[in-house]
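Enquirer:
Number of protein chains: 2
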Amino acid sequence: MIGKLVFFYNLSQTIIMSQRERILDIAETSMRARGYNAVSFREIAGEIGIKSASLHYHFPKKADLGLELVKRYSENFRTALNSATENAANPIEKIEAFIDLHRNALIEQELLCLCVVLGAEARSLPEDVNSSVANFFQSNINWLTDAYQDAGFENAPSRAKAGVATLAGALIASDSLKDNSVFEAAADSVLKS
Amino acid sequence: MIGKLVFFYNLSQTIIMSQRERILDIAETSMRARGYNAVSFREIAGEIGIKSASLHYHFPKKADLGLELVKRYSENFRTALNSATENAANPIEKIEAFIDLHRNALIEQELLCLCVVLGAEARSLPEDVNSSVANFFQSNINWLTDAYQDAGFENAPSRAKAGVATLAGALIASDSLKDNSVFEAAADSVLKS
DNA sequence: GTCTATAATTTGATAGAC
DNA sequence: GTCTATCAAATTATAGAC
Numbered sequence: 001m002i003g004k005l006v007f008f009y010n011l012s013q014t015i016i017m018s019q020r021e022r023i024l025d026i027a028e029t030s031m032r033a034r035g036y037n038a039v040s041f042r043e044i045a046g047e048i049g050i051k052s053a054s055l056h057y058h059f060p061k062k063a064d065l066g067l068e069l070v071k072r073y074s075e076n077f078r079t080a081l082n083s084a085t086e087n088a089a090n091p092i093e094k095i096e097a098f099i100d101l102h103r104n105a106l107i108e109q110e111l112l113c114l115c116v117v118l119g120a121e122a123r124s125l126p127e128d129v130n131s132s133v134a135n136f137f138q139s140n141i142n143w144l145t146d147a148y149q150d151a152g153f154e155n156a157p158s159r160a161k162a163g164v165a166t167l168a169g170a171l172i173a174s175d176s177l178k179d180n181s182v183f184e185a186a187a188d189s190v191l192k193s
Numbered sequence: 194m195i196g197k198l199v200f201f202y203n204l205s206q207t208i209i210m211s212q213r214e215r216i217l218d219i220a221e222t223s224m225r226a227r228g229y230n231a232v233s234f235r236e237i238a239g240e241i242g243i244k245s246a247s248l249h250y251h252f253p254k255k256a257d258l259g260l261e262l263v264k265r266y267s268e269n270f271r272t273a274l275n276s277a278t279e280n281a282a283n284p285i286e287k288i289e290a291f292i293d294l295h296r297n298a299l300i301e302q303e304l305l306c307l308c309v310v311l312g313a314e315a316r317s318l319p320e321d322v323n324s325s326v327a328n329f330f331q332s333n334i335n336w337l338t339d340a341y342q343d344a345g346f347e348n349a350p351s352r353a354k355a356g357v358a359t360l361a362g363a364l365i366a367s368d369s370l371k372d373n374s375v376f377e378a379a380a381d382s383v384l385k386s
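In order, the protein sequences belong to chains A and B.
So the first sequence is numbered by this note's numbering: it starts at 1 and just counts up by one.
So the second sequence is numbered by this note's numbering: it starts at 194 and just counts up by one.
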């Protein structure tokens, strides 16, 4: 097999997904559910239907996979954020879109944010993976600072720091309690002026 | 050796710490730094100076250790909270004490909250460990709801959910960014009316 | 790109002596 | 309570054939 056929409902188009992307998809799902250290090469390979030795062809070390996962996740997050906000009528709608990305992870995907999970395991991870996770949080704080500023909120930088923290913790607490009202309460607080 | 001598500065008293407590202390520190799956019996035993086989005498399975850790952590947290709030002049001081417990973990201990870390790894953990982690979050939400109510804040239950989430996420983001201002911004938002 | 085979290490766990 | 000895399984990783 050279490529998995993926049909997108909104594109009358067929895309050949590379094996590399398929590996990243499965690894991301697994790690967002159970963490970096609970996921093995064998398990990822098994879900695709190849051997773990083949996985090492694509990602020589686990650290290589981890780093690429965080980079791709950050890029995809940014792309989704841009796409969801390009037609926003006002800055509040942008902040709502930011919240929606988190809500979608928790409720539709039933997964946490990759960087929240890796952030919790930080000291057991390769250092460059940690740096990338930190970059993700900083980018989000910067983005949210701008949005709060545009919306005319006071103390935008401080609000943005609190907002990013709130959504991160909301994923964990809401998931643990299996109570989406925790996430919604957190989302409300991020929007409140 | 039958007991490690522990001197408390505020008690002119010497306490013999049981081996069981010593194991729990080291396991807690390790797991709060690196997560459940990155910590092994051999490593914990090594730090105490015994063999991993001896550790199995105290905690037959890793799940037994994990469960006991969460229970003890929850009890200690509650005891510290009661102790810190018994002389509080008003409900706001109580909420500040709640925040202080988190601040102390991050800044003094340089560790995350055990239940925040385990919550992020939830799906890779034994189910009873997860239940105990969920209990921790629910207890804190209940406690904070009462405090907000006493302080006369509106929507106390919703605020409490957001507050617990905010402090949980603040630990992760602040630690990842090595930027305590993230925690302080989050702490401010928890206190704001 | 994927496979088989294998190495080197780590891990959770047990049996039985002291 | 702790030890030695040991196990079975899992893990990351590499070499070399196809």
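We treat Cβ as the ideally placed atom computed from N, Cα and C, and that holds for glycine.
Report buried or exposed for Asn-283(B), applying the criterion of at least 16 other Cβ atoms within 10 angstroms of its Cβ.
Expert: As a position in the second sequence, residue 283(B) is number 90, starting the count at 1. The residue is exposed, with fewer than 16 neighbouring Cβ atoms inside 10 Å.
Enquirer: Of the choices Ile-23(A), Ala-38(A), Tyr-57(A), Tyr-36(A), whose alpha-carbon is the least far from that of Gly-46(A)?
Expert: Numbered from 1 along the first sequence, position 46 holds the residue referred to as residue 46(A). Checking every option, the nearest Cα to that of Gly-46(A) belongs to Ile-23(A).
Enquirer: Once DSSP output is grouped into helix, strand and coil, what is the label at Ile-50(A)?
Expert: Taking the first sequence and counting its residues from 1, the one referred to as residue 50(A) is at position 50. Ile-50(A): coil per DSSP, three-state reduction.
Enquirer: Where DSSP assigns a beta bridge to Asp-219(B), which residues make up the other side?
Expert: On the second sequence, residue 219(B) is found 26 positions in, with the first residue counted as 1. According to the sequence provided, residue 219(B) is Ile. The question's Asp does not apply to it. Answer is none; Ile-219(B) lacks a bridge partner.
Enquirer: With a cut-off of 8 Å on the beta carbons, I'd call Ala-349(B) and Thr-338(B) a contact; round off their distance for me.
Expert: The residue you call residue 349(B) lines up with position 156 of the second sequence. The residue you call residue 338(B) lines up with position 145 of the second sequence. That pair is a contact at about 5 Å.
Enquirer: Going straight from the alpha carbon of Gln-302(B) to that of Ser-18(A), what length do you get?
Expert: As a working mapping, residue 302(B) is identified with position 109 in the second sequence. As a working mapping, residue 18(A) is identified with position 18 in the first sequence. Computed Cα separation, rounded: 45 Å.
Enquirer: Determine whether the Cβ of Arg-32(A) lies closer than 7 Å to any Cβ atom of chain B.
Expert: On the first sequence, position 32 is the one that residue 32(A) refers to. No - not a single Cβ of chain B is within 7 Å of the one on Arg-32(A).
Enquirer: Should Ala-198(A) be flagged as near chain B, meaning a C-beta pair shorter than 7 Å?
Expert: Any question about residue 198(A) goes unanswered here, given that chain A covers just 1 to 193.
Enquirer: Can you find a C-beta in chain A that's less than 7 Å from the C-beta of Glu-359(B)?
Expert: Sequence index remark: in the second sequence, residue 359(B) carries index 166 (1-based). It is worth fixing the name first, because residue 359(B) is Thr in this sequence and not Glu. By this cut-off, Thr-359(B) is an interface position.
Enquirer: From the DSSP output, read off the bridge partner residues of Ala-31(A).
Expert: Residue numbering aside, residue 31(A) sits at position 31 when the first sequence is read from its first letter. Note on residue identity: the sequence assigns Met, not Ala, to residue 31(A). Met-31(A) pairs with nothing; no bridge assigned.
Enquirer: What residue from Val-164(A), Leu-191(A), Gly-152(A), Ala-27(A) has the CA that sits closest to Leu-67(A)'s CA?
Expert: Residue numbering aside, residue 67(A) sits at position 67 when the first sequence is read from its first letter. Nearest of Val-164(A), Leu-191(A), Gly-152(A), Ala-27(A) to Leu-67(A), Cα basis: Ala-27(A).
Enquirer: Counting C-beta neighbours from all protein chains within 10 Å, is the total for Gly-362(B) 16 or more, i.e. buried, or is it exposed?
Expert: To locate residue 362(B), count along the second sequence from 1; it is residue 169. Burial call: buried.
Enquirer: Is Asn-230(B) close to chain A, meaning its C-beta is less than 7 Å from at least one C-beta of that chain?
Expert: If you number the second sequence from 1, residue 230(B) lands on position 37. For Asn-230(B), the answer is yes, since a Cβ of chain A falls inside 7 Å of its Cβ.
Enquirer: Measuring only the C-alpha atoms, how far is Leu-248(B) from Ala-256(B)?
Expert: Along the second sequence, one-based indexing puts residue 248(B) at 55. Along the second sequence, one-based indexing puts residue 256(B) at 63. Distance between the alpha carbons of Leu-248(B) and Ala-256(B): 13 Å.
Enquirer: Chain B beta carbons: is any one of them nearer than 7 Å to that of Gly-169(A)?
Expert: For this step, residue 169(A) is matched to residue 169 along the first sequence. True, the Cβ-Cβ gap to chain B drops below 7 Å.
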